Amino acid sequence: MISKYSEELRNTAKAMVAEGKGILAMDESNGTCNKRFEKLGIAATVENRRTYRELILTAPDLGKYISGAILYDETIRQSTANGVSFVKVMQDSGMIPGIKVDTGAKDLVLRNNEKVTEGLDGLRDRIAEYYKMGARFAKWRAVITIGEGIPSDGCIEANAHGLARYAALCQHGGLVPIVEPEVLIDGNHTIERCYEVTEKTLHEVFRQLAVQNVAYDQMILKPSMVISGADCAVQANVEQVATETIRCLLNTVPPAVPGIAFLSGGQTKEKSSAHLNYMNANFRSQFPWRVTFSYARAIQQPALDYWRGNTANVAEAQKLLVQRAKLNSAASGGTYSEEMEKQPALV
Ligand code: 13P
901 MISKYSEELR NTAKAMVAEG KGILAMDESN GTCNKRFEKL GIAATVENRR
951 TYRELILTAP DLGKYISGAI LYDETIRQST ANGVSFVKVM QDSGMIPGIK
1001 VDTGAKDLVL RNNEKVTEGL DGLRDRIAEY YKMGARFAKW RAVITIGEGI
1051 PSDGCIEANA HGLARYAALC QHGGLVPIVE PEVLIDGNHT IERCYEVTEK
1101 TLHEVFRQLA VQNVAYDQMI LKPSMVISGA DCAVQANVEQ VATETIRCLL
1151 NTVPPAVPGI AFLSGGQTKE KSSAHLNYMN ANFRSQFPWR VTFSYARAIQ
1201 QPALDYWRGN TANVAEAQKL LVQRAKLNSA ASGGTYSEEM EKQPALV
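No gaps in the numbering here: position 152 of the sequence shown is 1052 in the numbering used here, and each next residue is one more.
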């Protein structure tokens, strides 16, 4: 059976990965957002989270580079200080509202240091509510950890099954599912080991998606890059990361998928742009899909660092945010260069 929303889903998915655009992840849970605030001495309050999200969504020209933004449940219900709902702000600036629907990665029981993402209970009703509120796509993040003897088959299978059940419910309810299996950068593993785990995970994810009748042309994949572990003594260079990532994706991702939008996963902002750029500058002719970004930290961090909860810093913080969106937009077309990092955002 196909979803009654099939055509709308296909069009939304295409729009999410339109040429020159990427997706902004700003769906940090209250806990994660508070942790990032606390590091900078910003009080962890509802009002500060609202103000920060208003800073992001009202940044001038953001919609030139960002097709859609992923919100958190608290954020999708909030409005600007002037009383305009965030959903309306986004619609007016041409950005599609998206929503994180998983309820977090929890310990996978009877296993060592592995996680499984929860959130299927009640999901169909939450999807219906979010669709009514104006959301047109959703996100669910699964976490795969590389370590001694892990990931286990049980962990990969449980997470892939969860992603597939979520994706099917989304398509049934009119939201394009962003399917996000993140292989964590944490650890001292090599890029070769990361390749092996990422390939195995993606094979299983697409197998489970097929088992649940998920339409590949009505979803977006949000993977991590194939990269050296953060603590690995040998760090692969930009060319290796881009080459291995694309080799892995060509081996695993069906051509019907309209787009791949990477997470940044703790890479520096410059590396996040350089890796994406290398892939598009060198391998584009081989892609059956669009290859772009869905970064959170690699887009937001300079703006958050500058803002620090101070109203006087809002305009400059917005420029820093839009600057990173613009650089990543260039990277999604293969036209980013290190030189561009030197252009001042503060004018
Ligand atoms: P990062 O780009 O900071 O990894 O966040 C992307 C994301 O949405 C993680 O779920």
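We treat Cβ as the ideally placed atom computed from N, Cα and C, and that holds for glycine. Source: prediction; values computed, not measured.
- For residue 1040, the pairing in a beta bridge is given by DSSP as 1079.
- Residues 1079, 1153, 1157 and 1160 of the same chain have their beta carbon placed closer than 7 Å to that of residue 1121, with the five preceding and five following residues left out of the count.
- The beta carbon of residue 1074 sits closer than 6 Å to those of 905 and 1031, all from its chain and outside the five residues before and after it, given in chain order.
- Just measuring C-alpha positions, the residue of 1135, 1042 and 1147 sitting nearest residue 1105 is 1042.
- Distance from the Cα of residue 1038 is smallest, within the candidate group 971, 1018 and 958, for 971.
- Residue 952 has its CB no nearer than 8 Å to any heavy atom of the ligand 13P.
- Residue 1196 has its Cβ nearer than 8 Å to a heavy atom of the ligand 13P.
- 1015 is the residue among 1015, 1184, 1066 and 1090 whose C-alpha sits nearest the C-alpha of residue 1053.
- It is roughly 16 Å from the alpha-carbon of residue 965 to the alpha-carbon of residue 1169.
- Burial of residue 1083 is indicated by the presence of at least 16 other C-beta atoms within 10 angstroms of its C-beta.
- For residue 998, the number of other beta carbons within 10 angstroms of its own is at least 16, and it is reported as buried.
- DSSP places residue 906 in the uninterrupted alpha helix (DSSP H) bounded by 906-916.
- In the same chain as residue 1199, and ignoring 5 residues on each side of it, the C-beta atoms closer than 7 Å to its own belong to 924, 1221, 1224, 1225 and 1228, in chain order.
- Here residue 1188 is exposed. Its C-beta has fewer than 16 other C-beta atoms within 10 Å.
- Taking all protein chains shown into account, residue 1167 has 16 or more neighbouring C-beta atoms within 10 Å of its C-beta and is therefore buried.
- It is roughly 17 Å from the alpha-carbon of residue 1208 to the alpha-carbon of residue 928.
- For residue 1171 and residue 1137, the gap between their C-alpha atoms comes out near 10 Å.
- DSSP places residue 1017 inside the beta strand (DSSP E), whose first and last residues are 1015-1017.
- About 39 Å separates the beta carbon of residue 1071 from that of residue 1237, a gap too long to meet the 8 Å contact definition.
- Taking a C-beta distance under 9 Å as the contact criterion, residue 1114 and residue 1181 do not qualify as a contact pair.
- Not one heavy atom of the ligand 13P is found less than 8 Å from the C-beta of residue 1170.
- Contact between the segment 1017-1024 and the segment 994-1008 is present: three or more C-beta pairs spanning the two stretches fall below 8 Å.
- Exclusion of the five residues before and after residue 986 leaves 953, 954, 957, 971, 975, 976, 978, 979, 980 and 997 as the residues of its chain whose Cβ lies within less than 8 Å of its Cβ.
- According to DSSP, residue 1190 shares a beta bridge with 1159.
- Under DSSP, the beta-bridge partners assigned to residue 924 are 969.
- Minimum Cα-Cα distance from residue 1192 among the listed residues 1023, 1058 and 920 corresponds to 920.
- Annotation: the continuous beta strand (DSSP E) that includes residue 999 extends over 996-1000.
- Secondary structure of residue 1086 (DSSP, three-state): coil.
- Note on residue 1092: under 16 other CB atoms within 10 angstroms of its CB, so exposed under the neighbour-count rule.
- The beta carbon of residue 950 is closer than 6 Å to those of 978 in its chain, skipping five residues each way along the sequence.
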